[in-house]
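Chains S and G, in that order, give the protein sequences.
Quick note on the numbering used here: the first sequence kicks off at 1 and runs consecutively.
Quick note on the numbering used here: the second sequence kicks off at 1 and runs consecutively.
Positions of the beta carbon are idealized from the N, C-alpha and C atoms, including for glycine.
Because the structure is a prediction, the values reported are computed rather than measured.
2 protein chains.
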Amino acid sequence: MTDLAGRAGARRPVVSMTAMAQADADAVDLILEQWGRERPDLDCSPMGVIARVTQAQREVYLAQRETFARHGLDAAAFDVLAALRRAGRPYQLTPTALMRTALVTSGAITQRLDRLEEKGLISREPSEDDGRAVLVTLTELGGQALDAALPDHLETERRLLSGLSTDDQQLLAGLLRRLLITLGRTPAAP
Amino acid sequence: MTDLAGRAGARRPVVSMTAMAQADADAVDLILEQWGRERPDLDCSPMGVIARVTQAQREVYLAQRETFARHGLDAAAFDVLAALRRAGRPYQLTPTALMRTALVTSGAITQRLDRLEEKGLISREPSEDDGRAVLVTLTELGGQALDAALPDHLETERRLLSGLSTDDQQLLAGLLRRLLITLGRTPAAP
DNA sequence: GGCATTTACCTTAGCGGTGAGATACTTTGG
DNA sequence: CCAAAGTATCTCACCGCTAAGGTAAATGCC
Numbered sequence: 001m002t003d004l005a006g007r008a009g010a011r012r013p014v015v016s017m018t019a020m021a022q023a024d025a026d027a028v029d030l031i032l033e034q035w036g037r038e039r040p041d042l043d044c045s046p047m048g049v050i051a052r053v054t055q056a057q058r059e060v061y062l063a064q065r066e067t068f069a070r071h072g073l074d075a076a077a078f079d080v081l082a083a084l085r086r087a088g089r090p091y092q093l094t095p096t097a098l099m100r101t102a103l104v105t106s107g108a109i110t111q112r113l114d115r116l117e118e119k120g121l122i123s124r125e126p127s128e129d130d131g132r133a134v135l136v137t138l139t140e141l142g143g144q145a146l147d148a149a150l151p152d153h154l155e156t157e158r159r160l161l162s163g164l165s166t167d168d169q170q171l172l173a174g175l176l177r178r179l180l181i182t183l184g185r186t187p188a189a190p
Numbered sequence: 001m002t003d004l005a006g007r008a009g010a011r012r013p014v015v016s017m018t019a020m021a022q023a024d025a026d027a028v029d030l031i032l033e034q035w036g037r038e039r040p041d042l043d044c045s046p047m048g049v050i051a052r053v054t055q056a057q058r059e060v061y062l063a064q065r066e067t068f069a070r071h072g073l074d075a076a077a078f079d080v081l082a083a084l085r086r087a088g089r090p091y092q093l094t095p096t097a098l099m100r101t102a103l104v105t106s107g108a109i110t111q112r113l114d115r116l117e118e119k120g121l122i123s124r125e126p127s128e129d130d131g132r133a134v135l136v137t138l139t140e141l142g143g144q145a146l147d148a149a150l151p152d153h154l155e156t157e158r159r160l161l162s163g164l165s166t167d168d169q170q171l172l173a174g175l176l177r178r179l180l181i182t183l184g185r186t187p188a189a190p
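Next up, the structure:
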């Protein structure tokens with residue numbers, strides 16, 4: 001486990017020259033160039049970040065989908081199974097907890113759980129402490145499915161990031177962390 | 001903006017966060033910590049970048065949706081109108097060109113154009129050069145809608161990025177550009 | 001020139017998510 | 001102790017996108 005405590009982005013890091021000054025342009029550069037021509041009165045520089053976040057996420061999404069499909073899963077299923085797995089024994093969470101980590105609505109979680117239950121990857125039982133609540137448990141099969149997919153998933157992520165040095169990856173992670181923190185909704189949203 | 005101080009969940013159920021000041025943790029740090037406890041054999045550091053890209057994109061998406069809604073638009077509509085606008089006079093593109101910049105399927109573009117045409121924001125006419133092709137043109141109304149939304153849109157993006165200095169924003173943009181470039185699909189995909 | 005291939009756009013079934021709201025249980029405050 | 005407010009989950013109509021496939025026009029190859 002690399003030292004995640006470093007907070008690379010928090011102090012002002014010396015700019016690694018490779019980060020800028022790469023002669024190559026990406027799709028967003030073209031968009032910015034178009035706006036610069038058509039609306040020179042506007043400062044569109046924020047798009048340079050935001051649009052790239054959007055495009056990067058799209059690539060991530062597509063790559064992950066392929067990976068999950070190899071294991072008979074999709075992103076929604078993996079999301080739930082991984083949340084249960086990393087919660088630790090007894091691999092049990094409520095739909096509400098899953099809703100918060102997955103950042104989807106309660107209706108979406110219900111449907112995800114329906115599908116996962118159908119496939120035998122999770123089970124549902126009423127909570128004994130709270131008559132309203134349900135306890136979702138990772139089944140043996142679900143744990144196996146997750147454990148099979150997880151290394152492949154990580155390998156995909158590593159491949160996606162392979163264009164950046166380890167230092168730059170940490171730098172990027174630090175910047176994004178600061179972005180997320182200022183966007184509110186930090187650990188567990190209301 | 002940094003409210004959420006008295007959260008119940010973060011205080012107790014955790015081990016000591018390595019050397020990190022607690023105030024600087026985001027949701028992804030918690031996830032990485034969980035994986036570190038449950039699967040110390042795996043190097044999950046790639047998630048520190050990928051998961052944050054995903055979460056950041058989600059925040060962006062939600063903020064943009066609010067902004068667009070104030071102007072009677074949604075992200076899909078804005079995407080198309082903006083592509084036409086920044087293409088310059090005569091504000092005309094084919095569905096295929098729009099498909100490429102929007103990164104959605106042709107079916108999605110058809111539907112988007114149906115909706116926009118219905119609202120009078122674009123018009124469609126058959127191309128004279130190519131009997132298969134269609135020319136999509138931004139109408140007067142469409143141009144007005146876009147021009148009204150664009151400054152607000154940029155203001156939203158600026159607000160989203162307000163936690164980072166201008167230098168850090170550029171640094172972030174540069175890192176993401178390199179990421180996108182190595183992910184292939186750079187300017188116009190085949 | 002004629003046939004196969006490619007390209008451009010549209011059509012449609014199906015899917016997963018949202019948003020609104022229903023239901024049942026729990027907590028709170030007089 | 002009870003009513004009101006809050007919480008947990010599920011239900012369902014609707015929506016936009018994808019994937020697969022259809023039609024028509026352009027292109028290429030001989």
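Could you list which residues in chain S have their beta carbon closer than 8 Å to that of G:V53, in chain order? Listed along chain S, the residues sitting closer than 8 Å to G:V53 by beta-carbon distance are V53, A56, Q57, V60, L176.
Go ahead and pull the three-state DSSP assignment for G:T137. Here G:T137 sits in strand by DSSP.
Expressed to the nearest angstrom, what Euclidean distance is found between the alpha-carbon atoms of S:D168 and S:A25? Cα to Cα, the separation comes out at about 19 Å.
Which residue or residues does DSSP assign as beta-bridge partners of G:I122? Bridge partners of G:I122: G:L138.
Could you give the first and the last residue of the continuous alpha helix (DSSP H) run that contains G:D168? Unbroken alpha helix (DSSP H) run through G:D168: 166–182.
Should G:V60 and S:V60 be called a contact, given that it needs their Cβ atoms to be closer than 8 Å? The beta carbons of G:V60 and S:V60 sit no closer together than 8 Å.
Excluding the 5 residues flanking G:L141 on each side, which residues of the same chain have their C-beta closer than 7 Å to its C-beta? G120, L121.
Burial state of S:P46 (16 or more Cβ within 10 Å): It counts as buried.
Can you check whether the C-beta of G:R37 is within less than 8 Å of a C-beta belonging to chain S? At least one CB atom of chain S sits nearer than 8 Å to the CB of G:R37.
G:T94 lies in the alpha helix (DSSP H); which residues open and close that run? For G:T94, there is no enclosing alpha helix (DSSP H), as DSSP marks it with neither H nor E.
If you check the beta carbons only, do S:L81 and S:L161 fall under 8 Å apart? Using a Cβ distance threshold of 8 Å, S:L81 and S:L161 do not count as a contacting pair.
The segment 149–166 of chain G / the segment 63–77 of chain G touching (three or more Cβ pairs under 8 Å): Short answer: they touch.
Return the residue from the list S:L146, S:E117, S:A27 that minimises the CA-CA distance to G:R100. Measuring from the Cα of G:R100, the nearest candidate turns out to be S:A27.
Is the shortest distance between the beta-carbon of S:E157 and the beta-carbons of chain G less than 8 Å? Yes, S:E157 lies at the interface with chain G (some Cβ there is under 8 Å from its Cβ).
Is there a C-beta anywhere in chain S that falls below 8 Å from the one on G:L180? Yes, because at least one Cβ of chain S sits closer than 8 Å to the Cβ of G:L180.
For chain S, find out if any of its Cβ atoms is closer than 8 Å to the Cβ of G:A145; answer yes or no. So, not an interface residue.
What residue from G:G163, G:T166, G:G184, G:A149 has the CA that sits closest to G:A75's CA? The residue with the shortest Cα to Cα distance from G:A75 is G:A149.
Can you name, in chain order, every residue of its own chain whose Cβ lies under 6 Å from the Cβ of G:L179, other than the five neighbours on each side? Correct list: empty, nothing qualifies.
Let me see if you follow: with CB-CB separation under 8 Å, is G:D79 close to chain S or not? So no, G:D79 is outside the interface.
With DSSP collapsed to three states, give me the class of S:R39. The three-state secondary structure of S:R39, taken from DSSP, is coil.
Residue range of the unbroken alpha helix (DSSP H) whose run includes G:R58: Secondary structure note for G:R58: its alpha helix (DSSP H) is the uninterrupted segment 45–70.
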